[in-house]
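Asker:
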Amino acid sequence: MTQKFTRSLPLPASVLFPLATLAPLVLLLLGVSVGGLWPLIAVAYLAGLTFALDRYMPLVAPDASILPEAVPQPTAAAVSDQGEGPDLVIISGAPKIAPDKIGPDWLMALPASEKLLMAIGATQLLMMPVMLYAIAGTSEVGFLNRIILFLGFGMYLGQVCIPAAHELIHRGDKPMFQMGLAMFTTLLFGHHTSAHRMVHHRHVGSVDDPNTARDGETFYVFFPRAWVGSFKAGLEAENKLRAANTGIKGIHPYAVYLGGAAFMLLLAAAIGGYTGIVVMLALALYAQAQLLLTDYVQHYGLMRAKAADGSLEPVAFKHSWNAPHWYSSAVMLNAPRHSDHHAHPSRPYPQLQLPDESQDTWLPYSLPVSCAFALSPRHWKALMAAPLAKLRNPAAEPATPA
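Okay, so the sequence shown: first residue is 1 according to the UniProt record's numbering, each after it adds one.
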């Protein structure tokens with residue numbers, strides 16, 4: 001990382017995650033009910049405030065131990081010379097706060113973190129008809145505010161709801177998994193539930209993963225390839241699973257995904273007619289684009305090496321790009337800590353770890369800012385040339401991005 005980050009936060013995790021994820025929703029609902037400047041304030045919060053807090057308060061949340069008593073006590077030799085004092089130690093290649101320094105001021109209890117996910121999920125399901133009514137229905141919202149609300153709700157779906165749905169589909173608890181499935185399905189993207197778990201996590205960093213972007217591939221080429229490829233690959237994986245296990249009962253997941261999408265379009269038509277359908281499709285596309293843009297950025301150019309026998313090297317921290325920025329991480333439920341998610345897919349979001357600070361898998365900017373750069377292929381390619389070169393040849397001097 002080129003910017004110096006301090007491993008401390010002004011708020012405990014039990015306050016930070018709910019505040020970062022639910023505050024913009026309150027502003028958006030005020031925009032629907034009150035109007036005025038509230039829709040603009042909501043968009044400014046999601047875009048401007050998040051950027052400003054990341055940029056001008058260079059903080060990074062400490063890594064919470066999974067089981068503090070199970071983490072080896074640090075020795076003097078283990079203390080990092082690059083850390084912020086003796087509280088930051090290097091254990092197994094990842095920085096962790098010494099166990100005796102971890103307390104309730106940072107750790108977020110698992111039940112509380114799961115309740116937040118379910119609250120975000122329930123809110124999305126209830127919010128979908130509200131946003132369709134406000135933007136495409138007979139509401140009293142003015143034309144300009146309808147456009148702003150579209151941008152705001154779309155950003156909220158992409159930056160908060162989708163990370164929550166992603167967390168939920170990795171949970172073994174059936175109601176939580178079904179909530180995540182419902183969240184993706186109402187965004188006309190239900191197949192991601194199958195493709196992400198059964199294809200992406202298995203084949204990440206290889207040509208068999210539609211959601212791994214090749215070096216030099218633009219987002220505008222990646223998007224249709226990843227969308228269609230993940231739909232097909234997820235369907236194939238589900239069919240193979242059913243062919244190999246005749247004991248699986250119930251409706252095919254893809255029937256649920258397609259049926260749910262059809263229901264959402266009918267609901268949109270009932271609320272706003274043809275305009276409602278167009279708005280529903282546009283909101284879904286907006287949210288899906290943010291998810292795939294995140295996939296594009298977090299795996300751009302990172303391919304696993306292939307052995308002589310054709311097998312791929314194991315997935316490692318070097319196969320995902322990460323970002324340490326505290327506020328965008330809170331808004332996105334620690335999605336920027338992506339390497340650890342691939343190492344431990346079921347690990348709850350408050351407990352995801354960052355790579356060692358000496359690792360080279362750091363994005364040049366926060367994840368949202370990096371995604372903005374990715375929309376300009378020329379600037380994105382120049383921006384990532386140096387990090388990719390250094391990752392592939394650590395001894396070489398990295399090129400200076402244009």
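Cβ coordinates follow ideal geometry from the N, Cα and C atoms, glycine included.
(1) Since Pro350 contacts Asn322 with CB under 8 Å, what's their CB separation in whole angstroms?
(2) Using the Cα positions of Ala287 and Gln159, report the straight-line distance between them to the nearest angstrom.
(3) If you check the beta carbons only, do Gly205 and Leu46 fall under 8 Å apart?
(4) Fully enclosed by the segment 315-345, which alpha helix (DSSP H) runs are 4 residues long or longer?
(5) What are the start and end residues of each continuous alpha helix (DSSP H) run of 4 or more residues lying completely inside the segment 26-54, in chain order?
(6) DSSP puts Trp362 in a beta bridge; with which residues?
(7) To the nearest angstrom, how far is it from the Cα of Ala374 to the Cα of Phe219?
(8) Can you check whether the CB of His325 is closer than 8 Å to the CB of Pro314?
(9) Under 8 Å, do Ile248 and Arg242 count as touching if we go by C-beta distance?
(10) Cα-Cα, which of Leu9, Leu132, Phe51 is closest to Val32?
(11) Can you name, in chain order, every residue of its own chain whose Cβ lies under 7 Å from the Cβ of Leu293, other than the five neighbours on each side?
(12) Only counting the same chain, and skipping five residues up and downstream in sequence, which positions put a Cβ closer than 7 Å to that of Leu16?
(13) Where does Gly259 land, buried or exposed, given buried means 16+ other C-beta within 10 angstroms?
(14) Sort Ser320, Leu37, Val43, Ser346 by Cα distance to Asp173 and report the nearest one.
(15) If contacts are defined as beta-carbon pairs under 8 Å, then Thr50 and Tyr327 qualify, I think. What distance do you get, rounded to the angstrom?
(16) What does the alpha-carbon distance come out to for the pair Val60 and Phe184?
(17) Is Gly85 helix, strand or coil by DSSP?
(18) Please classify Leu187 as buried or exposed, where buried requires at least 16 other C-beta atoms within 10 Å of its C-beta.
(19) Are there 16 or more other CB atoms within 10 angstroms of the CB of Tyr365, so buried, or fewer, so exposed?
(20) Enumerate in chain order the residues of its own chain whose CB-to-CB distance from Leu302 is below 6 Å, with the five nearest sequence positions on each side excluded.
(21) Use the C-beta contact count for Ala202: other C-beta atoms within 10 angstroms, 16 or more gives buried, fewer gives exposed.
Answerer: According to the structure data:
(1) Between Asn322 and Pro350 the Cβ distance is about 16 Å, and since that is not below 8 Å, they are no contact.
(2) 8 Å
(3) no
(4) 326-331, 338-343
(5) 38-44
(6) Asn322
(7) 7 Å
(8) no
(9) Arg242 sits close to Ile248, with the two beta carbons spaced by under 8 Å.
(10) Residue nearest to Val32 within the set Leu9, Leu132, Phe51 is Leu132 (criterion: CA-CA distance).
(11) Phe219, Cys371, Ala374
(12) Leu9, Ala330
(13) exposed
(14) Ser346
(15) 5 Å
(16) Between Val60 and Phe184, the C-alpha separation is close to 29 Å.
(17) Since pLDDT at Gly85 reaches only 28, below the 50 mark, its modelled position is unreliable, and the value read off the structure follows with that caveat. Of the three classes helix, strand and coil, the one that applies to Gly85 here is coil, per DSSP.
(18) Buried, by the Cβ-count rule.
(19) buried
(20) Excluding positions up to five away in sequence, the list reads Gly205, His319.
(21) According to the sequence as given, residue 202 is Arg; it is not Ala. Exposed.
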